[in-house]
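Report on the following structure.
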Amino acid sequence: MDDGASSRPRALERLGVPLLLLVVAALVVYGRSLAYPFVLDDRMAIVDNGFLKSARQPFVFLISDYSRGTSFGPGYFRPLMMASFWLQGCLLGWSPGPFHAVNLLLHGLAGWALFLAARTLGASAAGSFFGGLLFVVFPPAQESVGSVVGRCDVLAALFLLLGWRAQIAWERGSSGSGPARRAARAVVTVLLLGFAAMLGKESGAVFPALVALTPLALPGFRRRDRLPGRIAIGAAAAVALVAYLALRFGAVGGLSLAPETLAHSQNPVTRLPQPQRTYAALYGTGRLLLALLTPARLRATLDLAGPGPFPLGGPLDPNVALPAAALALLAVAPLVLTRRRSRLALPAALLFLGLLPGTNLVVTASVFVGERFLYLPFAGVALAAAIGWDAASARWRGSAPALATVRLCAAGLAALCAVLGATRVQEWKSEEAIARRWVDAFPASTIGWNHLGTAALERGDLAEARRSFEASLAIDPDNAVVLSHLGDVLVRLRQWSEAERRLERAVALDPGDQAGRVNLGRACLQTGEKERALNEARSAYALGPGNLAARHLLGLALFENRLFGDAAREFRSLVQEEPASPQLRHSLVLSLYKDDRLDEAARAADEAALRLPGKPLFALWRVRLAARRGRTAEAIDRLAEAQRIHAPVADWLRDVDDLKPLRYDPRVRALLGSP
């Protein structure tokens, strides 16, 4: 290539054109996510996280568990992501749009970091841009970009690539100009950016291994003058790892997820003995590789957690043997390619090392498989694509039609990936859309069905909620939470006997389920089991005396068991907290009336009528209590007041026993216009 041709791409690089184009590509493919709300983990980590919003400085996240201020279990440690959330919320507010915008920008920057790494490895500007573009439009990246908490994957990849690029640049640079200064800059850059990658996500901990392999794969490996610098750079990466592990241990108390987190996770690997545990992990690895290297969606259809026979047939089962063979090839490939001095050695190393944390073979993740596990390993694939572009261009340089065909195929691949990515990111537009995708991808998992049921319940579609929760229970019949949710749906559908059956099982599995006990008490009241309803109400109340639903149920159960005085006391307490509730005020008046505390009932009715004017119910109570206490004139005056607000006075006189004697009073007949 002549000097003019080579200087043109360099000039464009200096102007930042590749960076701009890659950010624009990220916006084009994933831009619709800017209008998406917070969903699932986003809500827990940001919306409902009081600690995040009350923090005074970002450094507090370096000593804090990811779960602090959230409902996550302990063991997560991603301080860089949490600090970025805090800073962004303080500067731009807490609405979802800006959070999605930053994710898009960071994803474009990660593509640019890959472009820089490819250029440093010796790829052409065109090949490097193709690799960066392929990385940006990679369809499974939609999970890391569309989900706000997926930012951890992007941050880890971004800083790992930039730190690695600094090492490669030093290795490939000349040793004649300020070698000590250049080495010092490389050491500091590797230390800081490698540390940042690990703080982004635990997958960044593969950085020291990548740093150790890099000199072996580059042409200048045998140069003795590079040895001190290599030792210093390797030591810097090791120091970054030690510092990260120390912070993690201090923040979460260990180097892996806490046992209680794994016990409640949806990863079946955590509950399997060996060797089935390894077989299941290899099956998941095969699913990941299929989604990584082909346009196929990530799916895992085998029920690894079911009560039936284990679905994998041992080490010779194709679902185990083929992934094991593929993983072995990926492990050996960097070594073989290094021996051959192939430029593909380092991309192969990044692919293998990036894939390893998500396989469940080294450490156990909280989920079985996920498309976000593919974000870092695909950087290795994209680097290989950049080098492959140059190899194809060199091979077919003498044939313009062949070269055009190669480039057209590359453009078609990028376009296909872009279309798939733009389509798949729509799954993050709502929790219901995510749940439907989950049901399709993991039909043996309860997560999707549970979220579908919850979404249907929130929008009031009780029939759909029932179908979803029943589908979840068909997979896991003893899930106390789902049994409780289904019981709630059945209570709303007024299917009392079935609700009682489901809720009995729910509270037997989880005696501390207050909502389940409240619903069980309601169902028992409707089926006539009054004494049992009272027992459930008292149990629910004991679990949380401040729970309004439990207190209301207790009042109703006391009333139905003819403990009117106790019921009145409970309803009076509830009225103090919800003074605008006509139902509670009516229950209070009725309880006092049944307890023959008529003066107190009258005062409660007067207070209700004053607080809730225009309510015929309390006008009726005032008339009724006056008549019951023998105050006929007052009762008639109250009837006149009720008639002025268009209350059904004639119906009262006909239907209410306390008022029937008033029908024959001349004043009442005159009031009604009767002869």
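When the letters of the sequence shown are read in order and numbered with the working numbering, they come out as residues 160 to 834. The C-beta atom is built at its ideal place from N, Cα and C for all residues, glycine as well. Every value quoted in this text rests on a predicted model; they were computed, and no experiment measured them.
Please report the residue range of the alpha helix (DSSP H) in which Met241 lies.
Pro238 to Leu251
Between Ser656 and the rest of its own chain, which residues show a CB-CB distance below 7 Å, the 5 nearest in sequence each way excluded?
Excluding positions up to five away in sequence, the list reads Thr686.
Neighbourhood of Ser220 by C-beta, 6 Å cutoff - its chain only, sequence neighbours within 5 removed:
Reading off the sequence, residue 220 comes out as Phe, not Ser. Here the set comprises Pro238, Met241 and Ala242.
Determine the closest residue to Phe236 out of Gly281, Pro477 and Ala405, with distance taken between C-alpha atoms.
Ala405
Between Leu684 and Leu715, which are expected to be in contact by the criterion C-beta below 8 Å, what is the C-beta distance as a whole number of angstroms?
6 Å
By DSSP, does Leu662 sit in helix, in strand, or in coil?
helix
Could you compute how far the alpha carbon of Ala806 sits from the alpha carbon of Glu719?
Going from the Cα of Ala806 to the Cα of Glu719 covers about 29 Å.
What is the DSSP secondary structure of Asp312, counted as helix, strand or coil?
helix
Could you tell me the alpha carbon to alpha carbon distance between Leu179 and Val188, rounded to whole angstroms?
14 Å
Suppose you measure from the CA of Asp200 to the CA of Val308; what does that come to, to the nearest Å?
7 Å
Under a Cβ-count criterion, where at least 16 other Cβ atoms within 10 Å of its own Cβ denotes burial, should Lys819 be classed as buried or exposed?
Answer is exposed; the Cβ neighbour count stays below 16.
Alpha helix (DSSP H) containing Val479: first to last residue?
Pro477 to Arg498
Per-residue DSSP class, three states only, for Val677
The three-state secondary structure of Val677, taken from DSSP, is helix.
Buried or exposed (CB count within 10 angstroms, at least 16 for buried), Glu361:
buried
Rounded to whole angstroms, what is the Cα-Cα separation between Glu348 and Phe354?
The residue you asked about is not Glu; residue 348 is Thr in the sequence shown. Looking at the two C-alpha atoms, the distance is approximately 10 Å.
Kindly list the residues whose CB is nearer than 7 Å to the CB of Ala622, restricted to its own chain and excluding five residues on each side of it in sequence; keep chain order.
none
Contacting residues, own chain, Cβ-Cβ under 6 Å from Arg838 (five flanking each side not counted):
Residue 838 lies beyond the residue range present for the chain, which begins at 160 and ends at 834; the question has no answer from this structure.
Thinking Leu542 and Ala276 are a contact (beta carbons under 8 Å), I'd like their distance in whole angstroms, please.
7 Å
To the nearest whole angstrom, what separates the beta carbons of Leu478 and Leu471, a pair I think is in contact under 8 Å?
It should be noted that the sequence gives Asn, not Leu, for residue 478. About 6 Å separates the two Cβ atoms, so the contact holds.
Can you tell me where the alpha helix (DSSP H) holding Thr564 begins and where it ends?
Segment Ala559 to Arg583, the alpha helix (DSSP H) holding Thr564.
Pick out whichever of Leu510, Gly175 and Gly413 has its Cα sitting closest to the Cα of Leu448.
Leu510
When you compare only the Cα positions, how much space is there between Glu659 and Gly671?
17 Å
Cutoff 6 Å; reference Tyr752; Cβ partners in own chain excluding five residues on either side
Ala760
Out of Met203, Gly256 and Asp224, point me to the one whose CA is closest to Leu853's CA.
Outside the displayed range of the chain (160 to 834) lies residue 853, so it cannot be described from this structure.
The segment 196-212 touching the segment 307-323, judged by at least three CB pairs closer than 8 Å
Under the three-pair Cβ rule at 8 Å, the segment 196-212 counts as touching the segment 307-323.
For Ala709, which residues of its own chain have a beta-carbon under 8 Å away from its beta-carbon, when the five flanking residues on both sides are left out?
These residues qualify, in order along the chain: Gln673, Arg676, Val677, Ala696, Ala699, Tyr700, Leu702 and Gly703.
Any contact of the segment 429-448 with the segment 521-533, i.e. 3+ C-beta pairs under 8 Å?
Contact holds: three or more Cβ-Cβ distances are below 8 Å.
Nearest neighbour of Arg215, chosen from Phe244, Gly724, Gly363 and Gly190 [CA to CA]
Phe244
With distance defined between alpha-carbon atoms, name the residue in Arg788, Leu505, Arg790 and Arg783 nearest to Val808.
Arg783
With a 10 Å radius around its C-beta and 16 neighbouring C-beta atoms as the bar for buried, classify Val584 as buried or exposed.
buried
By alpha-carbon positions, which one of Arg651, Gly332, Trp597 and Ala665 ends up nearest to Leu643?
Residue identity differs from the one stated: residue 643 is Ser in this sequence, not Leu. Of all alpha-carbon atoms in Arg651, Gly332, Trp597 and Ala665, the one lying nearest the alpha-carbon of Ser643 is that of Ala665.
Could you name the residues of the same chain whose beta carbon sits closer than 7 Å to that of Leu743, not counting the 5 residues immediately before and after it, in chain order?
For Leu743, where only same-chain residues beyond five positions count, the Cβ hits under 7 Å are Phe730, Leu733, Val734 and Glu737.
How far does the alpha helix (DSSP H) with Tyr823 in it reach, from first residue to last?
Run containing Tyr823: none; DSSP gives neither H nor E here.
I'd like the list of long-range same chain contacts for Pro367, defined as Cβ closer than 6 Å, with 5 residues on each side in sequence excluded.
Ala396, Ala397 and Leu400
Per-residue DSSP class, three states only, for Ser837
No information on residue 837 is available, as it lies outside the stretch 160 to 834 that the chain covers here.
Local conformation of Gly409 per DSSP, three classes
helix
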